[in-house]
Structure formats: structure tokens, C-alpha cells
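Enquirer: Take a look at this one; I'll ask things after.
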Amino acid sequence: MTIASPIGASPDQISTLSWDQIPWKQAEKTVQRLQMRIAKAIRLWSGVSNPTLLKA
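Residues 701 to 756 in my numbering are what the sequence shown spells out, letter by letter.
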């Protein structure tokens with residue numbers, strides 16, 4: 701069993717998974733991609749809501 705996104709899983713589902721079942725390398729890459737997307741979204745959003753941040 702693999703979870704594409706731990707965020708979408710309920711806490712019960714996560715707790716029933718044993719540590720060995722989690723594809724850690726895959727999960728790490730997914731988390732890094734999410735962090736990059738979130739950072740990009742925050743930059744875009746803060747640039748839209750506060751244009752002076754874009755110039756800096």
C-alpha cells in the first residue's frame with residue numbers, strides 16, 4: 701500500500717501503516733515538490749497582494 705499524499709489520508713489510515721510500508725524516498729520527493737509549489741504560490745500571492753515585494 702502506498703500513499704501518494706499523506707495529507708489526503710485520515711490519521712487512522714496513517715497510524716495503521718507500519719514504518720517499513722511507507723516509501724520514504726518517494727514521500728520525501730513528494731514533500732519537496734509540495735514545499736516548492738507552496739513557496740512559489742506564496743511568492744505569487746504576496747506579490748499580487750503587495751506589489752512592492754516583487755521589486756525587492
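The C-beta atom is built at its ideal place from N, Cα and C for all residues, glycine as well.
For a test of the three-state rule: what should DSSP assign to Ser718, helix, strand or coil?
Expert: Position 18 of the sequence shown, counted from the first residue, corresponds to residue 718. Of the three classes helix, strand and coil, the one that applies to Ser718 here is coil, per DSSP.
Enquirer: If you draw a straight line from the C-alpha of Met736 to the C-alpha of Pro723, how long is it?
Expert: Numbered from 1 along the sequence shown, position 36 holds the residue referred to as residue 736. Numbered from 1 along the sequence shown, position 23 holds the residue referred to as residue 723. Distance between the alpha carbons of Met736 and Pro723: 20 angstroms.
Enquirer: Just the C-alpha distance for Ser718 and Gly747, rounded to the nearest angstrom, thanks.
Expert: To locate residue 718, count along the sequence shown from 1; it is residue 18. To locate residue 747, count along the sequence shown from 1; it is residue 47. Looking at the two C-alpha atoms, the distance is approximately 42 angstroms.
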